[in-house]
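*Asks:*
Number of protein chains: 2
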Amino acid sequence: MEPTDVIMRGLAQVPLFAGLPAAALQDVIQHAISCRTEKDSFIFHQGDPAEYLHVLAEGSVKLFQVTEEGQQVIVRVAGAWQMFGGVALLDEDTYPVSAQAAEACQGLHWSSAVLRDLLQRYPLISTNAMRWMAEHVRETQDMFRHLATERVEQRLARILLRLMRQLGTPREGGVLIDFPLTRQDLAEMGGTTLFTASRILSQWEKNGVVKSGRERVTVSDPVGLAGIAEDSA
Amino acid sequence: MEPTDVIMRGLAQVPLFAGLPAAALQDVIQHAISCRTEKDSFIFHQGDPAEYLHVLAEGSVKLFQVTEEGQQVIVRVAGAWQMFGGVALLDEDTYPVSAQAAEACQGLHWSSAVLRDLLQRYPLISTNAMRWMAEHVRETQDMFRHLATERVEQRLARILLRLMRQLGTPREGGVLIDFPLTRQDLAEMGGTTLFTASRILSQWEKNGVVKSGRERVTVSDPVGLAGIAEDSA
DNA sequence: CGACGGGTTGACGGTTGTCAAACCTTGTGG
DNA sequence: CCACAAGGTTTGACAACCGTCAACCCGTCG
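Protein sequence lines correspond, in order, to chains A and B. Count the first sequence with the working numbering and you get residues 20 to 252, in order. Count the second sequence with the working numbering and you get residues 20 to 252, in order.
Next comes the structure, spelled out in structure tokens:
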């Protein structure tokens, strides 16, 4: 299988390019820039002019904001064939978050200028972009609602369930979240602290809901975890 | 001044129609449906098929989600010449929030079908829509970050400052937030309870930062309030 | 008048943040 | 191959923030 073929299959899964005919996808690929990023280095910083839209072929990325006091808040995680930096579709805008490679990454990106051209030639991309952004608003609002109304344990349960769906790979005895996920990361996604996150994971481990080690979490009992997420008691 | 004239001036302020030539605006107005809504009645419900995009000419609207337990979370408030229900720009989607008139409203709306036609004829609208959605994502992420990292008092301060900018009208001795705003509403915007919100407003009133009565809040000392919002201590 | 809706205040306790200390794993360099 | 450093993790003690509930006040409206 040609590498271009792999890329085609991948890009076809990207919401922005969904439904494009093969010829158009070829065209899109022609204009892509390929790039590799080492673990822990930054792809872009919050506030930088939004020059490129990114799609990952391999690896994973953390998207976060930083508060005035330097505290991080992880807004999202992107894995293979997921898109980020969508603001680059607009002119003269800046990234609202920072993007840091959580693992070594291989990806594609397109410059703002190229995107403008693609948008003109394939109006479907424009529709797809709106749909993607709308979906994004919805997700962020849901996160806000959960943060506003639920307790830490429920929020962490939801986060693990989401990561499981997004980045999970089946293993004997559960689903591994294949992503370097520290307690600190979980805290920064859930609006809590390292210590509270650690305590909750310990308790879940006792109850057989998850198995967790250094930077890795395996969900042993997804149903049980869903129960915790919904628990109103 | 013709009423159409007022509407033109209003619509020109709506981000979705920004930059359109007068003729195009006329066209947009031609396709609008005018509508009046009584206080407290619903314009649409969360989960309804997104048929119409709305713009207010008068009045104000609360946009909120409801949790499984029936708790409300206010995501946004819209006033004159602000837009909501933007999901109607997409096909076959549903509203992610409910919209309820906080005051008697006069507004315009456009059906999904009409919008699709306008999008085709005026590509600028499509660009504007993306920009609007991107802005929306950014705001929601900021709200999330604040909720995740700040304490109730700071969050409420920020909310009042935002409402002040958005719906404030100068008065002797401060800026009145001209919107029926109960303590419960503030709680639902800030991810806290009626009681905590009430306590904090009482304290602020003692310190001369705000003046508040039944369903109304006046910010007497915006700088002081901004100080509270930023306060890291 | 009485009901109702919004607002205030107090008492209490639980969830969760803060900090200190120690443990364990991993990787590195002598 | 061992020693050490660095970073992730755990646990305990403690306190603060804030949610819960009850009681009451006040103004409005039918």
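Using N, Cα and C, we set each Cβ at its ideal position, and we do this for glycine too.
Take the Cβ of B/T56 as the centre, count every other Cβ of all protein chains shown within 10 Å, and call the residue buried at 16 or more, exposed below.
*Replies:* Here residue 56 of chain B refers to the residue found at position 37 when the second sequence is read from its first residue. So B/T56 counts as buried.
*Asks:* Just the Cα atoms here: how many angstroms apart are A/D136 and A/Q160?
*Replies:* Residue 136 of chain A sits at position 117 when you count from the first residue of the first sequence. Residue 160 of chain A sits at position 141 when you count from the first residue of the first sequence. One C-alpha to the other measures close to 31 Å.
*Asks:* Based on Cα-Cα distance, which residue from A/D59, A/K58, A/A69, A/E77 lies nearest to A/I26?
*Replies:* Numbered from its first residue, the first sequence carries residue 26 of chain A at position 7. The shortest C-alpha separation from A/I26 is found at A/E77.
*Asks:* I want to verify the contact list: residues of chain A whose CB lies under 7 Å from the CB of B/S145, in sequence order.
*Replies:* Numbered from 1 along the second sequence, position 126 holds the residue referred to as residue 145 of chain B. Ordered by position in chain A, the residues that pass the 7 Å Cβ test against B/S145 are S145.
*Asks:* Looking at the structure shown, is B/P199 part of a helix, part of a strand, or coil, going by DSSP?
*Replies:* As a position in the second sequence, residue 199 of chain B is number 180, starting the count at 1. It is coil, neither helix nor strand.
*Asks:* Tell me whether B/G126 is buried or exposed, calling it buried when 16 or more other Cβ atoms sit within 10 Å of its Cβ.
*Replies:* The residue you call residue 126 of chain B lines up with position 107 of the second sequence. So B/G126 counts as buried.
*Asks:* State yes or no: is the beta carbon of A/P68 nearer than 7 Å to at least one beta carbon in chain B?
*Replies:* The count along the first sequence starts at 1 and reaches residue 68 of chain A at position 49. No, A/P68 lies away from the interface with chain B (no Cβ there is under 7 Å from its Cβ).
*Asks:* Could you give the distance in angstroms between the alpha-carbon of B/V92 and the alpha-carbon of A/P22?
*Replies:* Within the second sequence, numbered from 1, the residue matching residue 92 of chain B stands at position 73. Within the first sequence, numbered from 1, the residue matching residue 22 of chain A stands at position 3. One C-alpha to the other measures close to 47 Å.
*Asks:* Name, in chain order, the residues that DSSP records as bridge partners for B/M102.
*Replies:* For the purposes of this step, residue 102 of chain B is taken as residue 83 along the second sequence, with counting starting at 1. Paired residue(s): B/V74.
*Asks:* Considering only their Cβ atoms, is the gap separating A/G193 from A/V238 smaller than 7 Å?
*Replies:* Counting from one through the first sequence, the residue named residue 238 of chain A turns up at place 219. Counting from one through the first sequence, the residue named residue 193 of chain A turns up at place 174. Against a cut-off of 7 Å, the Cβ pair of A/G193 and A/V238 comes out as a contact.
*Asks:* Under 7 Å, do B/G38 and B/T113 count as touching if we go by C-beta distance?
*Replies:* Taking the second sequence and counting its residues from 1, the one referred to as residue 38 of chain B is at position 19. Taking the second sequence and counting its residues from 1, the one referred to as residue 113 of chain B is at position 94. No; because the gap between Cβ atoms is not below 7 Å, this pair is not in contact.
*Asks:* Could you check how far apart the C-beta atoms of A/R164 and B/Q119 are, in whole angstroms? I think they sit under 8 Å.
*Replies:* Position 145 of the first sequence holds residue 164 of chain A. Position 100 of the second sequence holds residue 119 of chain B. Not quite, the Cβ-Cβ distance comes to about 16 Å (not below 8 Å), so this is no contact.
*Asks:* Between B/W223 and B/T168, what straight-line distance do the alpha-carbon atoms span, to the nearest angstrom?
*Replies:* For the purposes of this step, residue 223 of chain B is taken as residue 204 along the second sequence, with counting starting at 1. For the purposes of this step, residue 168 of chain B is taken as residue 149 along the second sequence, with counting starting at 1. Spanning the two alpha carbons is a distance of roughly 21 Å.
*Asks:* Considering B/F61, what are the terminal residues of the beta strand (DSSP E) in which it resides?
*Replies:* For the purposes of this step, residue 61 of chain B is taken as the residue at position 42 of the second sequence. Segment 61-63, the beta strand (DSSP E) holding B/F61.
*Asks:* When DSSP labels each residue in this structure, what does B/L39 get in the three-state scheme?
*Replies:* Looking up residue 39 of chain B in the second sequence gives position 20. B/L39: coil per DSSP, three-state reduction.
*Asks:* Taking the continuous beta strand (DSSP E) assigned at B/L82, which residues delimit it?
*Replies:* Start at 1 with the first residue of the second sequence, and residue 82 of chain B comes out as number 63. Where B/L82 is concerned, the enclosing beta strand (DSSP E) stretches over 80-85.
*Asks:* Using beta carbons (cut-off 7 Å, strictly below), is A/Q90 in contact with chain B?
*Replies:* In the first sequence, residue 90 of chain A corresponds to position 71, counting from 1. Yes, A/Q90 counts as interfacial toward chain B.
*Asks:* A/Q101 to A/H64, Cα distance in whole Å?
*Replies:* As a first step, residue 101 of chain A is located in the first sequence; it is residue number 82 there, counting from the start. As a first step, residue 64 of chain A is located in the first sequence; it is residue number 45 there, counting from the start. Their Cα atoms are separated by approximately 18 Å.
*Asks:* Just the chain A side, please: which residues come within less than 7 Å of B/V106 by C-beta, in chain order?
*Replies:* Here residue 106 of chain B refers to the residue found at position 87 of the second sequence. A153, listed in chain order.
*Asks:* Could you check whether the Cβ of B/Q49 sits closer than 7 Å to any Cβ belonging to chain A?
*Replies:* Within the second sequence, the letter at position 30 stands for residue 49 of chain B. Output row for B/Q49: interface = no.
*Asks:* Buried or exposed: which applies to B/V47, given that a residue is buried once 16 or more other Cβ atoms fall within 10 Å of its Cβ?
*Replies:* Sequence index remark: in the second sequence, residue 47 of chain B carries index 28 (1-based). B/V47 should be labelled buried.
*Asks:* Applying a beta-carbon distance threshold of less than 7 Å, which residues of chain A neighbour B/A148?
*Replies:* In the second sequence, residue 148 of chain B corresponds to position 129, counting from 1. Result: M149.
*Asks:* For B/S221, which of helix, strand or coil comes out of DSSP?
*Replies:* Within the second sequence, numbered from 1, the residue matching residue 221 of chain B stands at position 202. Helix, per DSSP.
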